[in-house]
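Asks:
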Amino acid sequence: VFAIALIGGPFLAYYSIESVENKVRYTLYDLQQAESGNITGLSDARRMTSIRVGLELGRSDMLTGVGVGSLREETNSYYQEHYPELTESYEWQLPHNEFVWFFAATGLIGLVFFCISFFLPLFHRAAFKESMILCTYLVIGSSLLTEATFDRQLGVALFLVFITLALNVRKAIRTDHNL
17 VFAIALIGGP FLAYYSIESV ENKVRYTLYD LQQAESGNIT GLSDARRMTS
67 IRVGLELGRS DMLTGVGVGS LREETNSYYQ EHYPELTESY EWQLPHNEFV
117 WFFAATGLIG LVFFCISFFL PLFHRAAFKE SMILCTYLVI GSSLLTEATF
167 DRQLGVALFL VFITLALNVR KAIRTDHNL
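In the numbering used here, the protein residues as written are 17 to 195.
1) Which same chain residues, not among the five before or five after PHE178, have their C-beta less than 7 Å away from its C-beta?
2) What are the start and end residues of the alpha helix (DSSP H) that includes VAL185?
3) For LYS197 and HIS140, I'd like the C-alpha separation in whole angstroms.
4) Exposed or buried, which one is LEU195 when buried takes at least 16 other CB atoms within 10 Å?
5) Taking three-plus beta-carbon pairs below 8 Å as touching, is the region 153-164 in contact with the region 109-126?
6) Alpha carbon to alpha carbon, what distance is there between THR165 and VAL155?
7) Enumerated in chain order, which unbroken segments of the alpha helix (DSSP H) with a length of 4 residues or greater are wholly contained in the region 95-153?
Written out as structure tokens, the structure is:
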């Protein structure tokens with residue numbers, strides 16, 4: 017029943033709620049515009065472009081990246097050179113993907129270290145079997161795909177609060193103590 021609702025819910029919403037249909041159509045339009053090179057004033061197109069820029073910056077120095085302190089400057093330079101139609105600096109965005117952000121800033125070395133640091137608690141003592149831990153990782157993990165969540169203190173704090181809470185609940189359950 018849950019799987020049917022999970023799969024059928026979005027389809028039902030698309031065909032029965034006009035604003036959902038409009039959002040889907042606009043997103044598809046936005047992505048088509050991005051593919052044709054028109055990214056001015058389109059949020060999804062600029063988000064995808066920021067990811068492309070981050071990948072290119074990472075490829076420029078695969079092993080160590082351009083440096084965390086230089087990421088903004090390198091990003092701005094790349095935009096000026098390759099996207100002159102974006103005339104306002106607020107349109108020059110850092111990568112909207114945490115993994116791409118780490119790759120651009122710290123290269124493969126930093127990306128591997130980040131991935132190990134992020135995913136290790138999930139696999140430590142099979143923590144992924146606990147629903148609260150798994151849900152925390154799914155929510156934060158999906159955020160990492162669309163934003164540089166850990167680029168801000170709030171993102172780090174939210175992750176640490178919820179993962180610590182989940183790990184403590186797991187510990188309390190394992191030792192048969194009540195909270």
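Cβ coordinates follow ideal geometry from the N, Cα and C atoms, glycine included.
Replies: This is what the structure gives:
1) Looking up residue 178 in the sequence shown gives position 162. The answer, listed in chain order, is THR152.
2) Here residue 185 corresponds to residue number 169 of the sequence shown, with the count starting at 1. For VAL185, the enclosing alpha helix (DSSP H) covers residues 169-190.
3) Within the shown structure, residues of the chain are numbered from 17 to 195, placing residue 197 beyond reach of any answer.
4) What you label residue 195 is simply residue 179 of the sequence shown in a count that begins at 1. Residue confidence is low: LEU195 scores 49 on pLDDT, short of 50, so the model does not pin down where it sits. No coordinate-derived value is stated.
5) In this structure the region 153-164 touches the region 109-126; the number of beta carbon pairs closer than 8 Å is three or more.
6) Against the sequence shown, residue 155 aligns to sequence position 139. Against the sequence shown, residue 165 aligns to sequence position 149. When only Cα atoms are considered, VAL155 and THR165 end up about 11 Å apart.
7) If we require 4 residues or more, the alpha helix (DSSP H) runs fully inside the region 95-153 come out as 114-139.
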